[in-house]
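Worksheet for the structure shown next.
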Amino acid sequence: MKTDIEIAQETTMKPIVEIAQKAGLTADDIEFYGKYKAKIPFSSMEKVKDNPEGKLVLVTSINPTPAGEGKSTVTVGLADAFNRQGKNVMVALREPSLGPVMGIKGGATGGGYAQVVPMEEINLHFTGDIHAITAANNAIAAFIDNSLQQGNPLNIDPRRISWKRVVDLNDRALRHVTVGLGGPLNGVPREDGFDITVASEIMAVLCLATSLTDLKERIARIVVASTYDREPVTVADLGVAGAIAMLLKEAIKPNLVQTLEGTPTLIHGGPFANIAHGCNSILATRTALKLADIVITEAGFGADLGGEKFLDIKTRQLGKTPDAIVVVATIRALKMHGGLDKKELTTEDVPALERGFANLERHIKNMKTYGRPVVVAVNQFADDTETEVAKLTEMTTELGVEVSLTQVFAKGGEGGLDLADKVSEAIEGPAQDFHYLYELDKSTEEKIEAVVTKIYGGAKVNYSPKARRQLQEIEKNGWSELPVCLAKTQYSFSDNPSLLAAPSGFEVTVRDLIPKLGAGFIVALTGDVMTMPGLPKAPAALRMDIDEKGLISGLF
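Position one of the sequence shown corresponds to residue 1041 (my numbering), numbered consecutively onward.
Right, dumping it as structure tokens:
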């Protein structure tokens, strides 16, 4: 089969104005970024704000493995299936980070015949949103250091500056650095570090803001440091909230593109789900809901990370909960959760599948506790055997959920028609009360415990001495009513990436708590999760190239 980029390059894209018209917008309602990309300005979002709201479908998955799950592929394929059925449908996705694109994970535009295009441009810089976020984040860092240099009028303790610089690449050498060296003219020497841009609170703020005013207010609330008296210092104290919001005035507008089959797609914002909240922007999702009858969106990594954060963090800001939840799984990945090596996955092994099914089972039960119908999408591979397919279907059906065998990678929307039928039944079924995992009036400890015990299956939460002190500061400063965003490995329900399937009885250790007042949640760092990933031994970039005519190869 052809590579993703070969398929994408052979596609004849429609002019973006045609995609806009299909979504109910005119040429005057969009801002063109070339022939095949556009942004939707606030005037157009205001224009459709009173439209009826469509149905919302959340696509999530089992814990990822090196075998691949194809969550974005299923998201795009499901939307294309609805499109084939004549439904008014839109996709709302996150935009890719250069870190995983150049590293190992890959892009975020789907795969095979279920892709969003122009895939090269989306994966490489797109409309510049992530670069604007990088600039805004680093401007705050520069203003902090300038305040220190100019006599430190805010009484900032250089040892307690929590704001880091960022870059949109995996660069482990920047995790811990020293800045301000070279004498008095070059600043105040201090320890610093870099995160990847998608872990920046600016990214989270942009994704959760509902307007430019809300964006500016959220930026103003961001805590960047503490004083010598242990009082929080915010961007408002630096006096630059307006300037930082100004840098994001274009980046905050959702981006309009298309699938291979011409389904309108909004791609906007890209926080990782293992170190951030893992969802595309409120503005993109809300705009899609006002333009389409059905909106298909996804949350990053497994349902224990992006899924939980979508439901407990994003929906509270969005004002809308999903009408159905799709959990994506593959037989290959479940066999890895059952103990098989990646090299053994092409061999039939029903016992391994049965062992690994525990992972899917827990995700299904977790999602059902929120009070929404669940559909399982099995992303099929050519080496899945009839016996394995039958066994997985049987085990899933016994849990009282619909299961659909999808082939969207090979067949595009046609391969997702059965899934579309089952999702249609789910979203048109009788409404149920939605149940959050925790109420906001619970303490930060109680919320973290709820996630660890009810979603992960853990037995206990431990806190480092530093985290214990931070809990006291959170309570003292009145921040305890914020939701929690747990940062942990994506590969396991636990904070140990080697514990596959559905471990239980384990303990999770919180080593650091970071108040994100602009985003509106408390980040809890667990295990060894890094906010600046590193490159693998053989990065994906080694296979990429560009010729004299600008034709890219090797990009997936």
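Even for Gly, the Cβ is constructed at its ideal location relative to N, Cα and C.
Just so we're clear, the structure is a prediction, and the values are computed from it rather than from any experiment.
From the DSSP output, in three-state form, read off Asp1585 for me. Stepping through the sequence shown from its first residue, residue 1585 is reached at position 545. Strand at Asp1585.
Would you call the stretch 1476-1489 and the stretch 1188-1205 in contact, with 3 or more CB pairs under 8 Å? no
Count the other C-beta atoms from every protein chain shown that fall within 10 angstroms of the C-beta of Asn1295, then say buried if there are 16 or more, exposed otherwise. On the sequence shown, residue 1295 is found 255 positions in, with the first residue counted as 1. Burial call: buried.
Taking Cβ to Cβ, would you say Leu1400 is nearer than 8 Å to Asp1389? Counted from its first residue, the sequence shown places residue 1400 at position 360. Counted from its first residue, the sequence shown places residue 1389 at position 349. No; because the gap between Cβ atoms is not below 8 Å, this pair is not in contact.
Minimum C-alpha distance to Phe1166 - residue among Ile1180, Gly1147, Ala1181 and Gly1151: The residue labelled residue 1166 in the question sits at position 126 within the sequence shown. That would be Gly1147, whose Cα lies nearest to the Cα of Phe1166.
Nearest CA to the CA of Thr1139: which residue from Ala1527, Ile1170 and Phe1561? Walking along the sequence shown from the start, residue 1139 turns up at place 99. Just to set this straight, residue 1139 is Gly in the shown sequence, not Thr. When only C-alpha atoms are compared, the closest one is Ile1170.
Ile1109 and Asn1419 look like a contact to me (Cβ under 8 Å); what is the Cβ gap, rounded to whole Å? Position 69 of the sequence shown holds residue 1109. Position 379 of the sequence shown holds residue 1419. The sequence given here places Glu at residue 1109; Ile does not occur at that position. A Cβ-Cβ distance of about 7 Å is found for the pair Glu1109 and Asn1419, placing them in contact under the 8 Å criterion.
Let me know if Glu1338 comes out buried or exposed under the rule of 16 or more other beta-carbons within 10 Å of its beta-carbon. The residue labelled residue 1338 in the question sits at position 298 within the sequence shown. Label assigned to Glu1338: buried.
Only counting the same chain, and skipping five residues up and downstream in sequence, which positions put a Cβ closer than 7 Å to that of Thr1043? Walking along the sequence shown from the start, residue 1043 turns up at place 3. Closer than 7 Å at Cβ, skipping near neighbours: Phe1596.
Counting only the same chain and skipping the five closest in sequence on each side, list residues whose C-beta sits under 8 Å from that of Ile1070. Taking the first residue of the sequence shown as 1, we reach residue 1070 at position 30. Beyond the five residues adjoining it in sequence on each side, Ile1070 comes within less than 8 Å, by CB distance, of Ile1056, Val1057, Ala1060, Ala1078, Lys1079, Ile1080, Pro1081, Ser1084 and Leu1296 in the same chain, given in chain order.
To the nearest angstrom, how far is the alpha carbon of Ile1047 from that of Asp1473? Taking the sequence shown and counting its residues from 1, the one referred to as residue 1047 is at position 7. Taking the sequence shown and counting its residues from 1, the one referred to as residue 1473 is at position 433. If I take the Cα positions, the gap works out to 43 Å.
Which residue or residues does DSSP assign as beta-bridge partners of Val1563? What you label residue 1563 is simply residue 523 of the sequence shown in a count that begins at 1. Cys1525 and Ile1554.
Taking the runs of the alpha helix (DSSP H) that are 4 residues or longer, which of them lie wholly in the stretch 1060-1085? Whole alpha helix (DSSP H) segments, 4+ residues: zero.
Going by DSSP, name the residue or residues bridged to Arg1230. Start at 1 with the first residue of the sequence shown, and residue 1230 comes out as number 190. Beta-bridge pairing links Arg1230 to Val1219.
For Ile1242 and Ile1196, believed in contact at Cβ under 8 Å, the rounded distance: Translated into positions along the sequence shown, residue 1196 becomes position 156. Translated into positions along the sequence shown, residue 1242 becomes position 202. Between Ile1242 and Ile1196 the Cβ distance is about 19 Å, and since that is not below 8 Å, they are no contact.
I'd like the list of long-range same chain contacts for Glu1547, defined as Cβ closer than 8 Å, with 5 residues on each side in sequence excluded. In the sequence shown, the residue the question calls residue 1547 occupies position 507. The answer, listed in chain order, is Gly1498, Ala1499, Lys1500, Val1501 and Asn1502.
At which residues does the beta strand (DSSP E) containing Arg1212 begin and terminate? Start at 1 with the first residue of the sequence shown, and residue 1212 comes out as number 172. In this chain, Arg1212 is not harboured by any beta strand (DSSP E), its DSSP state being neither H nor E.
For the beta strand (DSSP E) holding Lys1500, just list the boundary residues, first then last. Taking the first residue of the sequence shown as 1, we reach residue 1500 at position 460. It spans Lys1500 to Tyr1503 - the beta strand (DSSP E) in which Lys1500 sits, taken as one unbroken run.
Here's the rule I'm using: 16 or more other beta-carbon atoms within 10 Å means buried, otherwise exposed. How should Asn1536 be labelled? Taking the sequence shown and counting its residues from 1, the one referred to as residue 1536 is at position 496. Flag for Asn1536 reads buried.
Residue range of the unbroken alpha helix (DSSP H) whose run includes Val1443: As a working mapping, residue 1443 is identified with position 403 in the sequence shown. In the DSSP assignment, Val1443 falls outside any alpha helix (DSSP H) and lies within the beta strand (DSSP E) extending over Glu1442 to Thr1446.
Would you grab the beta carbon distance between Gly1378 and Ala1364 for me? Rounded to a whole angstrom, and I think it's under 8 Å. Taking the sequence shown and counting its residues from 1, the one referred to as residue 1378 is at position 338. Taking the sequence shown and counting its residues from 1, the one referred to as residue 1364 is at position 324. At roughly 28 Å, the Cβ-Cβ gap does not stay under 8 Å, so Gly1378 and Ala1364 are not in contact.
Beta strand (DSSP E) segment containing Val1116, residue limits: Translated into positions along the sequence shown, residue 1116 becomes position 76. It is not in any beta strand (DSSP E) - Val1116 instead sits in the alpha helix (DSSP H) that spans Lys1111 to Arg1124.
Proximity winner among Thr1237, Lys1494 and Gly1574, relative to Ala1213 (alpha-carbon distances): Along the sequence shown, read from residue 1 onward, the residue named residue 1213 stands at position 173. Ranking the options by Cα distance to Ala1213, first place goes to Gly1574.
With DSSP run on the structure shown, which of helix, strand or coil describes Asp1235? Here residue 1235 refers to the residue found at position 195 of the sequence shown. Asp1235 sits in a strand when the DSSP states are folded into three classes.
If you compare alpha carbons, which of Pro1158, Phe1449 and Asp1552 is closest to Met1570? Looking up residue 1570 in the sequence shown gives position 530. For Met1570, the nearest C-alpha among the options comes from Asp1552.
Can you tell me whether Glu1442 is buried or exposed? The criterion is at least 16 other CB atoms within 10 Å of its CB, across all chains shown. Start at 1 with the first residue of the sequence shown, and residue 1442 comes out as number 402. By the 10 Å Cβ count, Glu1442 comes out buried.
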